[in-house]
Amino acid sequence: METNRLSPSLAQALNDQMTKEAHASQIYLSYGAWADARGYDGIANFLFRHAQEERNHMMKILEYILERGARVKVAAIPAPGTDPTSVQDCFEKVFKQEIDNTKAIYTLVKMSLTEEDWASWNFLQWFVKEQVEEETLALNLLDKIKIAGGEKAKDDVLYTLDRDLKTMPDDASLAENATAEKP
Ligand code: FEO
């Protein structure tokens with residue numbers, strides 16, 4: 041009796057996404073190490089925390105594949121790529137990384153829609169929402185570095201930014217949670 045509830049193509053794409061999330065985790069880990077080595081403990085702390093979040097995303101997909109009776113294939117994780125050249129470059133790279141991931145999630149959603157696999161479509165909605173949050177978080181970082189002076193940011197401003205990021209919440213507040221009292 042067939043117990044696999046995922047099509048071969050969607051199972052493969054979900055396995056690929058699992059590797060993408062693991063890759064994202066490695067990227068955040070490498071940027072965190074880069075920031076720490078330059079004395080930006082707060083930025084490093086933020087990026088290391090985020091590396092864990094990406095591992096959690098990977099685990100969610102792994103669990104889902106298993107839950108649907110398909111096979112998990114743990115693949116090699118590509119290297120994270122080059123180090124940032126500055127704090128601004130680091131935050132720009134983070135934003136780009138999240139946009140790339142959003143595109144990958146959208147492709148999966150489209151596949152589930154085409155296949156009329158509503159269980160997968162429903163599962164993936166969590167990731168659609170999560171990507172809005174991740175992009176918002178990355179945009180907030182870009183706003184902060186822009187206010188700090190971008191590439192010309194002075195050490196004292198970067199010091200404050202670094203200190204703030206250590207305690208910055210891991211979740212961005214989303215538009216759907218806004219009210220007139222708490223915009
Ligand atoms: Fe798993 Fe940053 O998206």
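Mapping of the sequence shown onto the working numbering: position 121 corresponds to residue 161, and the numbering continues sequentially without gaps.
We put the beta carbon where it would ideally sit given N, CA and C, even for glycine.
query: Just to check my reading of the structure: ASN180 and ALA64 have Cβ atoms closer than 8 angstroms, yes? What is that Cβ distance to the nearest angstrom?; result: At roughly 18 angstroms, the Cβ-Cβ gap does not stay under 8 angstroms, so ASN180 and ALA64 are not in contact.
query: Identify, in the order they occur along the chain, each residue of the same chain with its Cβ nearer than 6 angstroms to the Cβ of SER238, setting aside the five sequence neighbours on each side.; result: Outside the shown range of the chain (41 to 223) lies residue 238, about which nothing can therefore be said.
query: Going straight from the alpha carbon of GLN137 to that of THR219, what length do you get?; result: 30 angstroms
query: Quick check: is any heavy atom of the ligand FEO less than 7 angstroms from the C-beta of GLN171?; result: yes
query: Using a Cβ-Cβ distance cut-off of 8 angstroms, determine whether THR59 contacts chain D.; result: The question asks about chain D, but that chain is absent: this structure has only one protein chain.
query: Tell me the DSSP secondary structure of ILE117 in three-state form.; result: coil
query: If we count the other Cβ atoms within 10 Å of its Cβ and call it buried at 16 or more, is ASP204 buried or exposed?; result: exposed
query: Going by the CB atoms, is the gap between VAL149 and TRP161 shorter than 8 angstroms?; result: yes
query: Please report how far the alpha carbon of ASP195 lies from the alpha carbon of HIS90, in whole angstroms.; result: 24 angstroms
query: To which residues of the same chain is GLN66 closer than 6 angstroms at the C-beta, ignoring the five residues directly before and after it?; result: ILE117 and PRO120
query: Looking at LEU46: is its Cβ nearer than 8 angstroms to the Cβ of ALA144?; result: no
query: Listed by chain order, which residues have C-beta atoms less than 6 angstroms from any heavy atom of the ligand FEO?; result: GLU61, ALA64, GLU94, HIS97, GLU138, ASN141 and GLU174
query: Kindly list the residues whose CB is nearer than 6 angstroms to the CB of ILE83, restricted to its own chain and excluding five residues on each side of it in sequence; keep chain order.; result: ALA75, ASP202 and LEU205
query: Would you identify the three-state DSSP class for THR122, choosing helix, strand or coil?; result: coil
query: How is VAL112 classed by DSSP in three states: helix, strand or coil?; result: coil
query: Report, in whole angstroms, the separation of the C-beta atoms of GLY72 and LEU87, which I expect to be a contact under 8 angstroms.; result: 4 angstroms
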